[in-house]
Every structure is written in C-alpha cells, then in structure tokens.
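In UniProt numbering, the protein residues as written are 1 to 160.
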Amino acid sequence: MLFPMVAAAAEPQEPPATAELSPATRALIIAEMQAMAQAMGRIHTAVVSGDHATVSDEARKIHDSFVLKQELSAAQREELGAKLPAGFIAADRAFHVLARNLAQAGEHHDATLQRLWFQEMTRACQSCHIDHAGTRFPGLTPHAAQANDGHGDGTDHATE
Ligand code: HEC
C-alpha cells in the first residue's frame with residue numbers, strides 16, 4: 001500500500017485548486033511550496049541538533065510566507081481570495097498558526113515541542129495536498145494523514 005501505483009484506485013481525479021489561478025500566480029504558489037519544503041528540511045536538521053535559533057528563524061519565515069508576501073500584487077491577492085476554495089484559505093491559515101507555534105517553541109528552546117509542531121506541520125502539508133492538490137500527489141490518499149484540518153490542537157495521533 002506504500003506506492004502510488006498500488007494506491008491508484010484512490011487517486012484523486014480533480015486538478016489542484018491552484019489550476020484555477022493565472023499562470024503567474026500559480027507559479028508564485030509553487031515557488032512558495034518549494035521554498036517551504038527546503039525550509040522544512042533545514043528546520044528538521046535544526047530540531048534534531050538543538051539549533052533553536054534556526055528553528056525559530058526558519059519557522060518565522062514560513063509563518064511570514066516568504067515568497068508570497070513579497071511578490072504578490074494586490075490584484076493577485078484578490079485573485080487568491082476569489083479563485084481558491086474557502087477550505088484552502090482556512091487550511092493555509094491553520095498551517096500558519098502551526099508555523100508560529102513552532103517559531104515560539106524555537107524561541108523557548110523547547111526541543112520536545114519543536115518536534116511536536118514539526119510533526120503537526122508535516123501533517124498539515126499532507127492534509128492540504130490530499131484535500132486541494134488533486135492529481136498532483138497521487139501517492140497521497142486520505143489514509144496518509146489522520147487529522148485533515150490542520151487544527152493543531154496539540155493532540156498526538158502518532159498511532160499509524
Ligand atoms: C493550504 C494548502 C497547502 C499547504 C498547507 C501546503 N501545500 Fe504544498 N501544495 C499545495 C497545492 C495546491 C499544490 C499544487 C500546486 C500546483 O501544482 O498548482 C502544492 C504543491 C507542493 C509542492 C510541489 C511544488 C512543485 O514543484 O510543483 C511541494 C514540494 C509542496 N507543495 C510542499 C509543501 C510543504 C513542505 C508544505 C508544508 C510545510 C506544504 N506544501 C503545505 C497546497 C498546500
């Protein structure tokens with residue numbers, strides 16, 4: 001059950017929600033995703049090595065949406081609100097709260113909480129991809145993440 005071809009029966013048929021956007025705006029979202037993926041790698045290394053300052057700096061950058069904030073025009077901002085489903089916007093908001101929590105755990109030098117918020121963020125990435133990235137990630141099915149709203153209540157569901 002681990003590989004995309006085996007999970008083909010559950011493959012989502014919808015295009016990603018972002019396919020509705022103009023090419024330029026969609027490209028910014030994709031650039032943001034790639035920047036976040038890289039930041040998550042740096043954060044992971046920092047979490048496991050007790051580099052609290054890097055944890056908080058990198059999580060803060062994710063919280064501040066590094067690419068999007070600088071590059072989005074006012075018209076593009078409106079486009080996001082108009083074309084992306086409300087659930088996408090809500091998932092994005094919830095995700096940013098988790099990034100802030102992780103940044104704070106970095107500031108408080110709390111390695112245990114850093115691990116927890118890192119996991120919750122990972123879950124939020126998966127959940128949004130399951131709900132809104134459609135055909136982009138055929139290997140992700142609803143079984144891949146238990147909590148699908150990224151609410152980040154601190155509950156640890158690590159029973160899979
Ligand atoms: C609010 C929804 C949402 C959240 C949260 C989210 N993503 Fe995404 N992500 C998407 C969507 C939608 C796409 C597909 C974009 C497209 O192809 O238009 C995507 C695409 C990607 C891609 C592929 C980019 C490419 O090169 O095409 C990567 C990598 C990625 N996300 C990483 C992450 C990581 C890492 C996280 C968490 C730290 C995350 N995403 C959180 C919605 C989300």
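In this text, a Cβ means the ideal position worked out from N, Cα and C, and glycines have one as well.
- In this structure, the alpha-carbon of Leu-84 lies about 35 angstroms from that of Thr-112.
- The beta carbons of Pro-16 and Arg-136 sit closer together than 8 angstroms.
- For the pair Ala-59 and Ala-103, the CB atoms are nearer than the 8 angstroms cut-off.
- Taking Met-121 as reference, the option from Ala-133, Thr-45, His-129, Ala-99 with the minimal CA-CA separation is Ala-99.
- Burial state of Ser-49 is exposed, judged by a 10 Å Cβ sphere holding fewer than 16 other Cβ atoms.
- According to the DSSP assignment, Ser-73 belongs to no alpha helix (DSSP H), since it is labelled neither H nor E.
- Between Ser-127 and Ala-91, the gap from beta carbon to beta carbon is short of 8 angstroms.
- Relative to the ligand HEC, the beta carbon of Thr-18 is positioned inside 7 angstroms of a heavy atom.
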